[in-house]
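See below for the structure under consideration.
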Amino acid sequence: MSARIAILDYGMGNLRSAEKALEHVGVTARISRDPVEVQAADGVILPGVGAMPRAMERIREHGLDELIAERRGAGVPILGICLGLQLLFESTSEFGGSDGLGLLEGPVGELEAEGLKVPHIGWSPVRWERESRLTEGLPSGTPFYFVHSFAPRPGGEALLGTAEYGSRFACAAERENVFGVQFHPEKSSSAGLRLLANFAGICAKSPAAA
Amino acid sequence: MALKRVIPCLDVNAGRVVKGTNFVGLRDAGDPVELAERYDAEGADELVFLDITASHEQRETIVELARRTADNVFIPFTIGGGIRSVADAQAVLDAGADKVSVNSAALARPELLTELSDHFGAQCVVIAIDAKREGGPPLSSPPCAAPATWGVHVNGGRRQVEGRDAVGWAEEAISLGAGEVLLTSMDRDGTSDGYDLELTRAVADSVSVPVIASGGAGELSHLSEAVSGGHADAVLCASIFHYGRYRVREAKERMAADGIPVRL
Numbered sequence: 005m006s007a008r009i010a011i012l013d014y015g016m017g018n019l020r021s022a023e024k025a026l027e028h029v030g031v032t033a034r035i036s037r038d039p040v041e042v043q044a045a046d047g048v049i050l051p052g053v054g055a056m057p058r059a060m061e062r063i064r065e066h067g068l069d070e071l072i073a074e075r076r077g078a079g080v081p082i083l084g085i086c087l088g089l090q091l092l093f094e095s096t097s098e099f100g101g102s103d104g105l106g107l108l109e110g111p112v113g114e115l116e117a118e119g120l121k122v123p124h125i126g127w128s129p130v131r132w133e134r135e136s137r138l139t140e141g142l143p144s145g146t147p148f149y150f151v152h153s154f155a156p157r158p159g160g161e162a163l164l165g166t167a168e169y170g171s172r173f174a175c176a177a178e179r180e181n182v183f184g185v186q187f188h189p190e191k192s193s194s195a196g197l198r199l200l201a202n203f204a205g206i207c208a209k210s211p212a213a214a
Numbered sequence: 398m399a400l401k402r403v404i405p406c407l408d409v410n411a412g413r414v415v416k417g418t419n420f421v422g423l424r425d426a427g428d429p430v431e432l433a434e435r436y437d438a439e440g441a442d443e444l445v446f447l448d449i450t451a452s453h454e455q456r457e458t459i460v461e462l463a464r465r466t467a468d469n470v471f472i473p474f475t476i477g478g479g480i481r482s483v484a485d486a487q488a489v490l491d492a493g494a495d496k497v498s499v500n501s502a503a504l505a506r507p508e509l510l511t512e513l514s515d516h517f518g519a520q521c522v523v524i525a526i527d528a529k530r531e532g533g534p535p536l537s538s539p540p541c542a543a544p545a546t547w548g549v550h551v552n553g554g555r556r557q558v559e560g561r562d563a564v565g566w567a568e569e570a571i572s573l574g575a576g577e578v579l580l581t582s583m584d585r586d587g588t589s590d591g592y593d594l595e596l597t598r599a600v601a602d603s604v605s606v607p608v609i610a611s612g613g614a615g616e617l618s619h620l621s622e623a624v625s626g627g628h629a630d631a632v633l634c635a636s637i638f639h640y641g642r643y644r645v646r647e648a649k650e651r652m653a654a655d656g657i658p659v660r661l
């Protein structure tokens with residue numbers, strides 16, 4: 005069966021590309037912030053571009069922090085993309101600092117890219133630090149498309165992938181059914197589509213999909 | 398490390414690829430999205446669409462083009478031509494474009510760059526500069542001591558902007574909010590003689606944002622030279638791909654063989 009995935013809309017960033025990429029891999033994608041609609045989905049994508057403190061404000065305004073925590077508790081797979089990945093962590097130093105959603109351990113901080121242009125924009129090879137359902141069929145070293153100035157510092161066992169820009173930084177994380185990628189799979193051509201298809205596969209097998 | 402990018406450029410008029418070109422192997426020769434899909438499949442890293450639609454009534458077609466591209470193409474793409482305001486940019490970015498490129502409108506009103514950058518972030522704002530050599534030795538002569546300068550032109554090169562030099566304008570545009578430079582050599586554009594390496598290097602070495610070299614690519618070696626000799630972060634190509642002379646993948650394989658890090 006094809007998975008139904010909700011793309012959380014909290015009013016920041018372009019969600020259309022993610023929606024279309026999911027549809028391209030056979031997913032029924034819905035951009036929404038309606039709890040009933042989100043709860044009907046087999047998986048949740050937390051997208052986003054912009055600054056994390058403002059994003060957290062928006063998420064709280066719409067009560068999405070509680071909805072995300074509830075969905076996580078129900079075992080529904082969650083994928084954060086770019087800013088959405090950063091939001092899954094505990095805190096950020098961006099613009100005076102802010103809490104995150106705290107689904108993954110660790111803070112978010114500025115890229116340590118001495119001598120290089122920040123934001124880091126473009127295609128960079130990603131090294132998988134371990135095996136994962138999310139990265140099946142994607143060799144370590146596959147390039148993905150990045151646009152970001154900050155990156156998480158995952159604690160515990162969440163680190164899934166790293167890339168190099170001035171120094172090596174975490175760009176993919178996974179803990180139980182919570183996933184996050186710093187790059188944009190929806191703009192990373194066939195490799196990105198494969199990753200989204202893998203996530204859809206995980207969603208199709210999740211408890212909510214049963 | 399960010400890999401060096403190869404960016405096919407499509408000129409679009411009223412939502413269709415400009416007539417008179419000879420796209421090979423396409424059912425509908427005039428459809429930019431079909432060509433864009435092919436370039437994505439061949440390994441293009443990004444795409445640039447330059448809208449040359451003259452009539453204001455037809456401008457909506459560029460938003461429709463952005464929408465259709467985002468439906469079918471999963472690499473970043475830039476829309477340029479006719480972006481004069483935050484609202485213009487919003488429309489194409491909402492439709493799925495990743496960046497907007499501005500040229501004449503930024504020269505007429507430089508604060509546009511700040512407005513765009515404040516709204517969307519510098520990573521969304523590309524300053525396109527059409528540069529033409531005006532001082533120093535002619536392009537064909539060997540490098541010598543006299544430094545070249547490049548004037549800035551608008552309206553497809555029909556008018557020179559007084560008091561602007563390309564390097565200075567690039568620096569100013571970045572200080573105002575542009576996050577990337579699309580630098581076209583008018584001397585080389587359409588010649589197939591290779592990029593103007595001196596121009597590319599002059600701009601790339603004086604700014605802190607990525608520079609896309611444009612104008613003059615005729616051989617695959619030119620792409621490597623733009624990066625190694627011109628210090629470009631990306632190369633823009635039109636005719637060498639459109640006419641089917643080379644495939645994007647061939648171009649990237651050649652660059653890799655030349656020691657340039659690219660996505661294969």
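So the sequences go chain by chain: L and W. 117 is the number that my numbering gives to position 113 of the first sequence; each next residue is one higher, with no gaps. 636 is the number that my numbering gives to position 239 of the second sequence; each next residue is one higher, with no gaps. From the three backbone atoms N, C-alpha and C, an ideal C-beta is built for every residue, glycine too.
The DSSP assignment places 594–601 as complete runs of the alpha helix (DSSP H) inside the stretch 585–624 of chain W, in order along the chain (cut-off: 4 residues). Comparing alpha carbon positions, the residue from L:His124, L:Glu116 and L:Ser144 closest to Val606 (chain W) is L:His124. Ranked by Cα distance from Trp566 (chain W), the first of W:Val414, W:Ser501 and W:Asp584 is W:Ser501.
Bounds of the beta strand (DSSP E) holding Phe474 (chain W) are Phe474 to Gly477. Glu168 and Tyr169: these are the residues of the stretch 162–178 of chain L whose beta carbon lies less than 7 Å from some beta carbon of chain W, given in chain order. Secondary structure within the stretch 77–153 of chain L: the beta strand (DSSP E) runs of 3 or more consecutive residues, fully enclosed, are 82–85, 111–114, 124–132 and 146–152 (chain order).
For Ser582 (chain W), the pairing in a beta bridge is given by DSSP as W:Ala528. At a beta-carbon threshold of 8 Å, the residues of chain L lying near Arg402 (chain W) are Gly126 and Trp127, ordered along the chain. Per DSSP, the continuous alpha helix (DSSP H) segment holding Lys649 (chain W) begins and ends at Val645 to Ala654.
Taking 8 Å as the upper bound on Cβ-Cβ separation, chain L lies near residues Pro473, Leu490, Asp491, Ala492, Gly493 and Asp495 of the stretch 473–500 of chain W. Of the residues L:Ala10, L:His188 and L:Ala204, the one whose Cα lies closest to the Cα of Cys86 (chain L) is L:His188. Here Ala162 (chain L) really is in contact with Glu109 (chain L); their C-beta atoms are around 6 Å apart, less than 8 Å. Beta bridge pairing from DSSP links Val522 (chain W) with W:Val497. Classified as exposed, Glu61 (chain L) has fewer than 16 neighbouring CB atoms from the shown chains inside 10 Å of its CB.
Rounded to whole angstroms, the gap between the alpha carbons of Arg646 (chain W) and Leu573 (chain W) is 36 Å. Sorting W:Ala570, W:Ser618 and W:Glu431 by C-alpha distance to the C-alpha of Pro507 (chain W) places W:Ala570 at the top.
Cβ neighbours of Asp46 (chain L) within its own chain (closer than 8 Å, five residues either side excluded): Ala7, Arg8, Ile9, Val80, Pro81, Cys207, Ala208, Ser210, Ala212 and Ala213.
Judged by their CB atoms, Leu115 (chain L) and Ser144 (chain L) are not nearer to each other than the 8 Å cut-off. If you look at Tyr169 (chain L), you'll find it isn't in any alpha helix (DSSP H); it sits in the beta strand (DSSP E) that goes Leu163 to Tyr169. Looking at the DSSP output, Ser36 (chain L) shares a beta bridge with L:Leu12. For Pro147 (chain L), the nearest CB of chain W lies under 8 Å from its own CB, placing it at the interface with that chain.
Distance from the Cα of Ala177 (chain L) is smallest, within the candidate group L:Gly141, L:Trp132 and L:Tyr14, for L:Trp132. Proximity of Pro607 (chain W) to chain L, defined by a Cβ-Cβ separation below 8 Å, is satisfied.
Of all residues in the stretch 37–70 of chain L, only Val53 and Gly54 come within less than 8 Å of chain W when Cβ atoms are compared, listed by chain position.
Taking Val604 (chain W) as reference, the option from W:Gly615, W:Glu568, W:Gly591 and W:Leu633 with the minimal CA-CA separation is W:Glu568.
Under the Cβ criterion of 8 Å, Met398 (chain W) is counted among the residues facing chain L. Put simply, of L:His28, L:Ala44 and L:Val130 the residue whose alpha carbon is nearest the alpha carbon of Ala467 (chain W) is L:His28. Between Arg585 (chain W) and Ala629 (chain W), the alpha-carbon positions lie close to 16 Å from each other. Straight-line spacing of the CA atoms in Asp562 (chain W) and Gly84 (chain L) works out to 44 Å.
Nearest CB-CB separation between Arg20 (chain L) and chain W: below the 8 Å threshold.
By the beta-carbon neighbour count (other beta carbons within 10 angstroms, threshold 16), Gly126 (chain L) is buried.
Listed along chain W are Phe471, each with a C-beta nearer than 8 Å to that of Gly196 (chain L).
By the C-beta density criterion, Ile449 (chain W) is exposed, having fewer than 16 other C-beta atoms within 10 angstroms. Beta-bridge annotation (DSSP): Cys406 (chain W) is paired with W:Val445. Glu531 (chain W) has its alpha-carbon roughly 13 Å from the corresponding atom of Glu595 (chain W).
The straight-line gap separating the alpha-carbon atoms of Asn469 (chain W) and Gly560 (chain W) is approximately 43 Å.
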